[in-house]
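Colleague: Line order of the protein sequences matches chains C and V. Numbering-wise (our numbering), the first sequence opens with residue 16 and increments by one. Numbering-wise (our numbering), the second sequence opens with residue 130 and increments by one. Note that beta-carbon positions come from the ideal geometry of N, C-alpha and C, so glycine has one too.
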Amino acid sequence: MSVAAGSPPRRIVVVGASLCGLSAAQALREEGFSGEIVLVGDEPERPYDRPPLSKQVLRGRCGPDTTLPCRPDLDLRFRLGTAAAGLDPRARRVVLADGGTIAYDRVLIATGTRARPWPGDPGSGPLHTLRTRRDAERLGARLADRPRRVVVVGGGFIGCEAAASIRAMGLDVTQVVRETVPLVQALGDAVGAMVAEVARGAGVDLLTDRGIDGIEAAGGETAVVRLDEGRRIETGCVLVALGAVRNVEWLAGAGLAVSDAGVRVDAECRALTPDGRVVPDVFAAGDVAQWPSAVYGGARLAVEHWGNAVAQGRVAARNMAAAGGPLARHDHLPDFWSHLYGLTVKLVGVPDGADRFAVVQGTLRERRFVGIYGAGERTVAAVSVDSARWLPAYRAAIAEGAPFPPFTGALDQPGFAPHPLATA
Amino acid sequence: MKVVVDLNRCQAYAQCVYAAPDHFALEGAEVLVYDPAPGDAARAEIERAVQACPVRAITAFPDAAPGAA
Ligand SMILES: Cc1cc2nc3c(=O)[nH]c(=O)nc-3n(C[C@H](O)[C@H](O)[C@H](O)COP(=O)(O)OP(=O)(O)OC[C@H]3O[C@@H](n4cnc5c(N)ncnc54)[C@H](O)[C@@H]3O)c2cc1C
Ligand code: SF4
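Rendered as structure tokens:
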């Protein structure tokens, strides 16, 4: 068991002032840490919530102020609008882009991810991404002009949620997806096919198995999207939703194990060197962190999930506040939700590498069901659509790696038939 | 006020909708939408919703005083 070393910290610096950083700061106070907490963030806003941006904010159901609630007595110091440009673990300080430095006793890396841009996108004109409040405001202002057709590029969650929200505003939407169905990497082909059917039913022009050859600016807010099969779509707004890139560049030269998959940490959220040693007093959590999952036999996981950012931030905080004594472990079972076309999709576990899928309650046709994912003989994840109350029952089975399929030939499950799953 | 709901935890029991109907709504079977920044006048109602939620999914606090930037 790992124990905390050294004397109690006096100043803890959190780099990245968003969900994970704020969750850690609150937890530090709950742990009784009474020293200084400094949150450094490159965005100008106080920590805010991102999930509503592609859902109720986009379709104008609520305003863009999704500032996260924060206990008034936390006594946090914010350095907002300031990017960290470097980390010097030996000198124990964070170097800021404006030339300043902040010394720390312990530091939390919580710099999350950013939207992957279209190559050459200047961040203005007809091309949009959706990650920040500012993105949501710019896109919202454009949609308020009711452009003739909106093209959404990408079949991940943000692309699908945004397509649903924009369509709900009564705008024409074309969604271009490279895979055979949307969400195939996240949820597999069976659930992805259901989402495709729902999207088409809602009037989205969903083009699957289709690549984009180029996007040409056509003056002002118009662009032409050229598909690989020759078709050209003239549009007044393109939302590029091609996933996320981890914000790790500022850590170059710090001696940490860092890659496209994030900052490598141990189960106690401590940053590691490339050869696997603990970097003293440096922790990482949230979207930017990659951790060894006890649930999945030590496999390294990196997820972009709200629940993980909160939970891992809390574990990191506990261990940063500790002076001696055993350290807490991040034994989190990943979970996720999404709202799509009025349906609630929820996932527990990680279906990566799953090769079979079975509906265990309800049916895909009714769009109300629970399905489980199997990898070999093991149940690794479960998904619910409009059946959230049943999902917690599967958590334990996943956590212990229960056999897949869980029961065959049961009399009350006549339709139960696991079938092969494709995720590409 | 600032409000956030842990939607992993929320199971659409709708108790918040009864407690504060102007600030929480269910769309479809399970989609909970809520106002993340209701006015301070809504405080009593929002606090009732926080208490009513059977799975403790709602967090709400009054607006932060503009602190050090
Ligand atoms: C539109 C949208 C919808 C989503 N919907 C869902 C959903 O329905 N369900 C779900 O589970 N998850 C959802 N997510 C994911 C969820 O929001 C993230 O998992 C969560 O925000 C991660 O929190 P984080 O604090 O780790 O990282 P982030 O929220 O990415 O925060 C990192 C912060 O660090 C800042 N930063 C980066 N580099 C530096 C630097 N060098 N110096 C200073 N600051 C820096 C960034 O600007 C940012 O403010 C959604 C995300 C988006 C964008
Ligand atoms: S009371 Fe709680 S569980 Fe029910 S809908 Fe509201 S937030 Fe969700």
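#1: For T250 of chain C, does the count of other Cβ atoms within 10 angstroms reach 16, so buried, or fall short, so exposed?
#2: State the beta-bridge partners of V55 of chain C as determined by DSSP.
#3: Using a beta-carbon distance cut-off of less than 7 Å, what residues from the stretch 138-163 of chain V approach chain C?
#4: For chain B, is any of its Cβ atoms less than 8 Å away from the one on Q327 of chain C?
#5: Against chain V, with Cβ distances strictly below 8 Å, would L316 of chain C count as a contact?
#6: Any heavy atom of ligand 1 closer than 7 Å to the beta-carbon of S69 of chain C?
#7: Provide the residue span of the beta strand (DSSP E) that contains L362 of chain C, from first to last.
#8: Going by DSSP in three states, L316 of chain C sits in which element: helix, strand or coil?
#9: Report the CB separation of Q190 of chain C from V219 of chain C in whole angstroms; it is logged as a contact under 8 Å.
#10: So which of C:G31, C:Q41 and C:T359 has the shortest CA-CA distance to A98 of chain C?
#11: Under 7 Å between beta-carbons, which chain V residues line up against R404 of chain C? List them in chain order, please.
#12: Give the DSSP bridge partners of L154 of chain C, in chain order.
#13: Please look up how many angstroms separate the CB atoms of V400 of chain C and I387 of chain C, rounded, as I've assumed it's under 8 Å.
#14: Since D64 of chain C meets chain V, which of its residues come closer than 8 Å, beta carbon to beta carbon?
#15: With C-beta atoms as the reference, is V294 of chain C less than 8 Å away from A286 of chain C?
#16: Tell me where the alpha helix (DSSP H) around W321 of chain C begins and ends.
#17: Establish whether the CB of R183 of chain V and some CB of chain C are separated by less than 8 Å.
#18: What residues of chain C sit near A171 of chain V, judged by a beta carbon separation below 8 Å?
#19: CA-CA distance, W405 of chain C and F384 of chain C?
#20: Would you verify that the beta carbon of D350 of chain C is, or is not, closer than 8 Å to some beta carbon of chain V?
#21: Counting only beta-carbon separations shorter than 8 Å, does A186 of chain V have a partner in chain C?
#22: Skipping 5 residues on each side, what residues in its chain have a beta carbon closer than 6 Å to that of T188 of chain V?
#23: Below 8 Å CB to CB, which residues in the same chain sit around E60 of chain C once its five sequence neighbours on both sides are set aside?
#24: Our contact map puts R261 of chain C next to V325 of chain C with C-beta atoms below 8 Å; I'd like the distance itself, whole angstroms only.
#25: Comparing the CB of C77 of chain C with every heavy atom of ligand 2, is any distance shorter than 7 Å?
#26: Do you know how far the Cα of A336 of chain C is from the Cα of Q200 of chain C?
#27: Can you find a CB in chain C that lies within less than 8 Å of the CB of A178 of chain V?
#28: Name the residues in the stretch 127-161 of chain C whose C-beta lies less than 8 Å from a C-beta of chain V; which are they?
#29: By the 7 Å beta-carbon criterion, what residues does the stretch 379-408 of chain C contribute toward chain V?
#30: Closer than 8 Å, Cβ to any Cβ of chain V: which residues of the stretch 71-105 of chain C, in chain order?
#31: Given this structure, state the Cα-to-Cα distance separating D275 of chain C from P150 of chain V, to the nearest angstrom.
#32: Can P66 of chain C be considered in contact with ligand 1, in the sense that its beta carbon sits closer than 7 Å to one or more heavy atoms?
#33: Between G229 of chain C and A259 of chain C, what straight-line distance do the alpha-carbon atoms span, to the nearest angstrom?
#34: Kindly indicate which residue of C:V192, C:R163 and C:R164 has the alpha-carbon position closest to the one of G174 of chain C.
Modeller: The relevant details are as follows:
#1: On the first sequence, residue 250 of chain C is found 235 positions in, with the first residue counted as 1. Buried.
#2: Position 40 of the first sequence, counted from the first residue, corresponds to residue 55 of chain C. For V55 of chain C, which the question treats as bridged, DSSP gives the partners C:V30 and C:R94.
#3: Q140, A141, E156, G157, A158, E159, V160 and V162
#4: Among the protein chains in the structure shown, which are C and V, there is no chain B.
#5: Working through the first sequence from its first residue, we reach residue 316 of chain C at position 301. Not closer than 8 Å to any Cβ of chain V, the Cβ of L316 of chain C fails to qualify, so no.
#6: The residue given as residue 69 of chain C occupies position 54 in the first sequence. The answer is yes for S69 of chain C.
#7: As a first step, residue 362 of chain C is located in the first sequence; it is residue number 347 there, counting from the start. First-last of the beta strand (DSSP E) with L362 of chain C: L358 to G364.
#8: Position 301 of the first sequence holds residue 316 of chain C. In this structure, L316 of chain C counts as strand in the three-state DSSP scheme.
#9: Position 175 of the first sequence, counting from 1, holds the residue named residue 190 of chain C. Position 204 of the first sequence, counting from 1, holds the residue named residue 219 of chain C. With 8 Å as the limit, Q190 of chain C and V219 of chain C qualify as a contact, their Cβ atoms being about 6 Å apart.
#10: For the purposes of this step, residue 98 of chain C is taken as the residue at position 83 of the first sequence. Measuring from the Cα of A98 of chain C, the nearest candidate turns out to be C:G31.
#11: Counting from one through the first sequence, the residue named residue 404 of chain C turns up at place 389. The answer, in chain order, is Q140.
#12: In the first sequence, counting from the first residue as 1, residue 154 of chain C sits at position 139. Partner(s): none; L154 of chain C has no beta bridge.
#13: The residue labelled residue 400 of chain C in the question sits at position 385 within the first sequence. The residue labelled residue 387 of chain C in the question sits at position 372 within the first sequence. No, V400 of chain C and I387 of chain C are not in contact; Cβ-Cβ is about 13 Å, not under 8 Å.
#14: On the first sequence, position 49 is the one that residue 64 of chain C refers to. Correct list: V133 and P165.
#15: In the first sequence, the residue the question calls residue 294 of chain C occupies position 279. In the first sequence, the residue the question calls residue 286 of chain C occupies position 271. Cβ distance < 8 Å, so V294 of chain C and A286 of chain C count as in contact.
#16: Indexing the first sequence from 1 puts residue 321 of chain C at position 306. That run of the alpha helix (DSSP H) goes W321 to A336.
#17: Looking up residue 183 of chain V in the second sequence gives position 54. Residue identity check: residue 183 of chain V is Pro in the sequence provided, not Arg. P183 of chain V does not count as touching chain C.
#18: For the purposes of this step, residue 171 of chain V is taken as residue 42 along the second sequence, with counting starting at 1. Result: empty, since nearest Cβ-Cβ is about 13 Å, beyond 8 Å.
#19: As a working note, residue 405 of chain C is residue 390 in the first sequence. As a working note, residue 384 of chain C is residue 369 in the first sequence. Between W405 of chain C and F384 of chain C, the C-alpha separation is close to 9 Å.
#20: Counting from one through the first sequence, the residue named residue 350 of chain C turns up at place 335. With 8 Å as the cut-off, D350 of chain C counts as an interface residue toward chain V.
#21: Within the second sequence, numbered from 1, the residue matching residue 186 of chain V stands at position 57. Cβ-Cβ to chain C under 8 Å: no for A186 of chain V.
#22: By 1-based counting over the second sequence, the position of residue 188 of chain V is 59. Here the set comprises V133.
#23: Numbered from its first residue, the first sequence carries residue 60 of chain C at position 45. T82, L95 and R148.
#24: Along the first sequence, one-based indexing puts residue 261 of chain C at 246. Along the first sequence, one-based indexing puts residue 325 of chain C at 310. That belief does not hold up - the Cβ atoms of R261 of chain C and V325 of chain C are roughly 18 Å apart, past 8 Å.
#25: On the first sequence, position 62 is the one that residue 77 of chain C refers to. No, ligand 2 has no heavy atom inside 7 Å of this Cβ.
#26: On the first sequence, residue 200 of chain C is found 185 positions in, with the first residue counted as 1. On the first sequence, residue 336 of chain C is found 321 positions in, with the first residue counted as 1. Q200 of chain C and A336 of chain C: Cα-Cα distance of roughly 38 Å.
#27: Your numbering for residue 178 of chain V matches position 49 in the second sequence. Not an interface residue.
#28: none
#29: D401, A403 and R404
#30: Q71, R76, C77, G78, D80, T81, T82, L83, P84, C85, R86, P87, L91, R92, F93, R94, L95 and G96
#31: Translated into positions along the first sequence, residue 275 of chain C becomes position 260. Translated into positions along the second sequence, residue 150 of chain V becomes position 21. Taking the straight line joining both Cα atoms gives about 44 Å.
#32: For the purposes of this step, residue 66 of chain C is taken as the residue at position 51 of the first sequence. Yes; taking the cut-off as 7 Å, the Cβ of P66 of chain C has a heavy atom of ligand 1 nearer than that.
#33: Counting from 1 along the first sequence, the entry for residue 229 of chain C is found at position 214. Counting from 1 along the first sequence, the entry for residue 259 of chain C is found at position 244. One C-alpha to the other measures close to 20 Å.
#34: The count along the first sequence starts at 1 and reaches residue 174 of chain C at position 159. Considering only alpha carbons, the answer is C:V192.
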